[in-house]
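Structure record follows, encoded as structure tokens.
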Amino acid sequence: MNISDSERVASVLENLKYESTPDIKEADLVVVTMCSVRQTAVDRVHGLIPKFKEIKKINKNLKTILTGCVLKKDKKIFTKNFDCVIDTKDIKKLPKILRTDLVQKVRYRVLFAPGSYLDITPKYSNKFSANMPIMTGCNNFCSYCVVPYAREKEISRPAEEIVCEIKNLIKNNYKEIWLLGQNVNSYEDVSCMCDRTHKNIVINFPKLLKIINNIPGDFWIRFTSSHPKDFSEELIRTMAKCKKYKPYLNLPLQSGDDKILKKMNRPYTAAQYKNLIKKIRKAMPDIALSTDIIVGFPGETKKQFENTAKLFKDIKFDMAYINKYSPRSGTVAEKLKNNVSKEEKNRREKVLTEILKTTALSHNKKIIGKEITVLIDSQKNNLLFGKSEQYKTVKINIQHPTLKNRHLVGKFVKVKATDALSWSLKGELINE
Ligand code: SAM
Ligand code: SF4
């Protein structure tokens with residue numbers, strides 16, 4: 535989402551004929567798009583301030599703007615250290631702000647990838663894989679999370695606009711479309727016209743997925759992030775039917791203990807989550823599954839963590855984002871005692887990482903010897919790197935001399951998987 539915000543800022547600035555520079559020392563304007571989900575991300579923005587002060591001693595014209603997910607309490611502090619702090623929904627107003635408040639210089643740098651602005655056509659930073667927000671905001675209020683405060687209520691973009699943007703990307707040879715949203719599966723476009731029975735047509739996420747899948751072209755569809763409560767039978771059926779949707783899913787569990795899930799305000803039990811995974815795997819046997827876990831939530835006992843570890847082992851994930859709980863200002867959990875020590879959080883993270891190493895490796899080993907399709911994202915001498923349909927990192931050896939000089943970045947290639955590690959696969963290019 536933050537990458538996507540940055541791409542929209544870049545688009546507005548390029549329309550003003552500003553010129554991008556990779557070096558902030560050369561820039562006259564720096565726009566930081568920040569993330570507030572974890573304190574470490576906020577700390578990184580604080581860490582930039584001394585750097586800006588140093589550069590301002592040499593370049594007195596440098597102006598700094600902060601946008602993205604900024605919490606109210608942080609806004610007060612950052613207003614003192616940035617020339618301007620703006621909401622993401624006001625990105626469209628940048629031209630006005632730049633003309634009135636700030637100098638007219640033309641080299642800029644959008645730093646950091648940590649509503650209505652969504653209809654700005656972004657300057658995509660990648661030439662073959664596009665991050666496309668289809669909704670923003672969150673109505674769920676998980677007790678630990680700042681997103682509902684920082685991004686406010688859910689808003690979905692009109693389906694027509696999304697389809698138009700994707701068609702354009704496909705015309706420009708894009709091969710992968712990521713549909714993004716804090717709760718991407720609760721997408722709902724109610725703005726569609728009435729049908730013949732004078733009923734309003736509502737386009738929910740499964741319907742949108744079907745529509746996108748029917749757009750002609752050779753491309754992959756992926757989406758993130760999902761909430762288990764939005765995973766309906768209709769969605770599972772649709773994912774299984776849509777050929778362009780590729781078999782990788784991140785479905786955040788957060789905890790495998792029912793009491794902790796309740797304290798987190800997550801409306802499901804460990805057994806319900808497990809059952810949901812069973813249904814997903816039944817409909818799509820080759821799907822690669824990843825999840826998000828928070829270790830050390832206030833009051834999480836060793837026994838409760840063991841329940842998470844047990845479920846984590848049972849499900850056998852391909853990948854996971856294991857987060858150590860960090861108290862966020864304004865959330866319900868902030869009022870609870872953050873009583874799991876840093877050392878214990880580190881230990882719990884390590885336990886899950888060790889389980890993941892084993893389960894991921896066992897999934898990857900099953901791929902050895904198979905022919906897989908890979909979207910290449912970089913090339914170095916005789917090596918290619920890319921992602922498989924299951925979103926696994928693949929390192930490929932180019933052995934055939936005729937293939938060495940072909941430019942394969944942004945292309946689909948056929949690969950024979952030859953070896954498996956926990957976090958990646960190795961393979962050889964198949965000469966077609
Ligand atoms: N909407 C998704 C869901 O329902 O699970 C997740 C989106 S959230 C922005 C990304 C991840 O950040 C969460 O899944 C959670 O694991 C992590 N996260 C959010 N708040 C956190 C906190 N206070 N401490 C640690 N991790 C946190
Ligand atoms: Fe945060 Fe996701 Fe919960 Fe919304 S559903 S509050 S984004 S963790």
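Convert by adding 534 to the 1-based position in the sequence shown; the result is the number in this note's numbering. Glycine included, C-beta positions come from ideal geometry on N, C-alpha and C.
For residue i, which option in the options has the closest C-alpha, if you only look at C-alpha atoms?
i, options, result
"Q806", "L787, Y658, N916 and I930", "L787"
"E695", "S663, E878 and I745", "I745"
"F765", "F919, K627 and V718", "V718"
"L743", "C776, F753 and I735", "C776"
"K914", "I932, E905 and K904", "I932"
"K780", "K926, S958, L628 and N660", "K926"
"K590", "K808, L563 and E553", "L563"
"F919", "L895, H897, V949 and L890", "V949"
"L955", "N916, K607, A561 and T892", "T892"
Please work out which residues of its chain come closer than 8 Å, Cβ to Cβ, to residue i, disregarding the five sequence neighbours upstream and downstream, and give them in chain order.
i, result
"E699", "T655 and M666"
"S760", "N717, V718, N719, L783, N784, L785 and P786"
"K701", "I749"
When the Cα atoms are used, what is the spatial distance from residue i to residue j?
i, j, result
"N799", "T952", "44 Å"
"P692", "D723", "6 Å"
"V947", "I964", "8 Å"
"M669", "I811", "25 Å"
"L714", "E868", "27 Å"
"Q924", "I821", "7 Å"
"K778", "I625", "32 Å"
"E968", "V866", "Because residue 968 is not part of the residues shown, which for the chain are 535 to 966, the question remains open."
"I599", "V565", "5 Å"
"R940", "S663", "20 Å"
"A817", "A774", "6 Å"
"V640", "F616", "Any reading at V640 needs caution, since the residue's pLDDT is 48, under 50, leaving its predicted position unreliable; the model's value is listed next. One C-alpha to the other measures close to 18 Å."
"T842", "Y859", "14 Å"
"C618", "K904", "54 Å"
"N784", "I592", "45 Å"
"I901", "V943", "23 Å"
"V928", "D826", "22 Å"
Note down, in chain order, each residue of its chain lying with its Cβ closer than 7 Å to the Cβ of residue i, except the 5 sequence neighbours on either side.
i, result
"L813", "A quick correction: the sequence has Lys, not Leu, at residue 813. The answer, listed in chain order, is I770."
"G649", "Only weak support exists for where G649 lies, its pLDDT of 38 falling under 50; the value from the coordinates is given anyway. Taken in chain order, the residues that qualify are K623, T670 and I689."
"I977", "In the structure displayed, the chain extends from 535 to 966; residue 977 sits before or after that span and is not available."
"Y658", "E541 and A664"
Keeping to the same chain, check which residues put their C-beta closer than 6 Å to that of residue i; ignore five residues upstream and five downstream.
i, result
"Q638", "Residue confidence is low: Q638 scores 45 on pLDDT, short of 50, so the model does not pin down where it sits. Its coordinate-derived value is still stated next. Within the same chain, Q638 has no close Cβ partners at all."
"E686", "G671"
"T803", "D792"
"K921", "L909"
CB of residue i to nearest heavy atom of the ligand PLP: below 8 Å?
i, result
"N717", "The ligand PLP is not among the ligands present in this structure, which contains only the ligand SAM and the ligand SF4."
(request) Give a yes or no on contact between the region 910-918 and the region 845-858, applying the rule of three or more CB pairs nearer than 8 Å. (result) no
(request) May I have a chain-ordered list of the beta strand (DSSP E) segments no shorter than 3 residues that lie completely inside the region 842-908? (result) 853-858
(message) If contact is defined by three or more beta carbon pairs under 8 Å, each pair taking one atom from either stretch, is the region 562-575 in contact with the region 601-612?
(response) yes
(message) Going residue by residue through the region 718-798, where are the continuous beta strand (DSSP E) segments of at least 3 residues, counting only ones entirely within it?
(response) 754-758 and 782-784
(request) Specify whether the region 704-713 and the region 790-799 touch according to this definition: at least 3 beta carbon pairs, one from each stretch, less than 8 Å apart. (result) no
(request) Check whether the region 539-551 touches the region 578-590, taking contact to mean three or more Cβ pairs, one atom from each stretch, closer than 8 Å. (result) no
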